[in-house]
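J.: Got a structure for you, written out below as structure tokens; questions coming shortly.
As structure tokens, then:
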């Protein structure tokens, strides 16, 4: 009877270890102590520091620059919890996927990483219409010549 129970636990234990390894794969090795302390940044810094206990045994790391936890910290500090959480989830879904084909590489900490900064992703979540338009047309605006008005 005990043998059956231990066989049922093995997949759960392996799944838990796999999830712990995946979650810790994007942790920052050494937290930066210079930014302001808020509940959001404190939670992420706790993840980057004491919760990053698998660095001694894991072989992989986040392929992006900045890494995912740094990106999350910057997004939440700049855009607040809700929008920062959405941007972080978007980043985690892109991490290591198509982004590796689409982003430029940069040499960081002894290896190449793919550049995906917060500034490159701000346009998706910006609520204001300030600044230049996102779509630039190479053709001149001829609506006035033709007597067409969209007003």
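In the numbering used here, the protein residues as written are 14 to 164.
We treat Cβ as the ideally placed atom computed from N, Cα and C, and that holds for glycine.
(1) Helix, strand or coil for residue 44, going by three-state DSSP, please let me know.
(2) Starting from the Cα of residue 78, find the closest Cα among 22, 131, 24 and give me that residue.
(3) Assign residue 76 to one of two classes, buried (16 or more other C-beta atoms within 10 Å of its C-beta) or exposed (fewer than that).
(4) Quick one: what does DSSP say residue 124 is sitting in, helix, strand or coil?
(5) Run through the DSSP bridge pairs and tell me what residue 77 is partnered with.
(6) For residue 108, which residues in the same chain have their Cβ closer than 6 angstroms to its Cβ, ignoring the five residues on either side in sequence?
(7) Skipping 5 residues on each side, what residues in its chain have a beta carbon closer than 6 angstroms to that of residue 121?
(8) For residue 118, which beta-bridge partners are listed by DSSP?
(9) Relative to the C-alpha of residue 134, which residue among 55, 87, 59 is closest?
(10) Got a sec? Which residues, its chain only, sit under 7 angstroms from residue 105 by beta carbon, not counting five neighbours each side?
(11) I need the straight-line Cα distance from residue 117 to residue 127, nearest angstrom please.
T.: Short version:
(1) The residue given as residue 44 occupies position 31 in the chain shown. Only weak support exists for where residue 44 lies, its pLDDT of 48 falling under 50; the coordinates are left without a value.
(2) Your numbering for residue 78 matches position 65 in the chain shown. Ranking the options by Cα distance to residue 78, first place goes to 131.
(3) As a first step, residue 76 is located in the chain shown; it is residue number 63 there, counting from the start. Counting every other CB atom within 10 Å of its CB across the protein chains shown gives residue 76 a total of 16 or more, marking it as buried.
(4) Here residue 124 is taken as the residue at index 111 of the chain shown, counted from 1. Residue state, collapsed to three classes: strand.
(5) Counting from 1 along the chain shown, the entry for residue 77 is found at position 64. 127, per the DSSP bridge assignment.
(6) Indexing the chain shown from 1 puts residue 108 at position 95. Excluding positions up to five away in sequence, the list reads 77, 81.
(7) Working through the chain shown from its first residue, we reach residue 121 at position 108. Exclusion of the five residues before and after residue 121 leaves 78 as the residues of its chain whose Cβ lies within less than 6 angstroms of its Cβ.
(8) Taking the first residue of the chain shown as position 1, residue 118 is located at position 105. According to DSSP, residue pairing for residue 118 in a beta bridge involves 127.
(9) Start at 1 with the first residue of the chain shown, and residue 134 comes out as number 121. Out of 55, 87, 59, 87 has the C-alpha closest to the C-alpha of residue 134.
(10) Here the question's residue 105 lines up with position 92 in the chain shown. Excluding residues within five positions, the ones whose Cβ falls inside 7 angstroms are 81.
(11) Against the chain shown, residue 117 aligns to sequence position 104. Against the chain shown, residue 127 aligns to sequence position 114. Those two C-alpha atoms are separated by around 6 angstroms.
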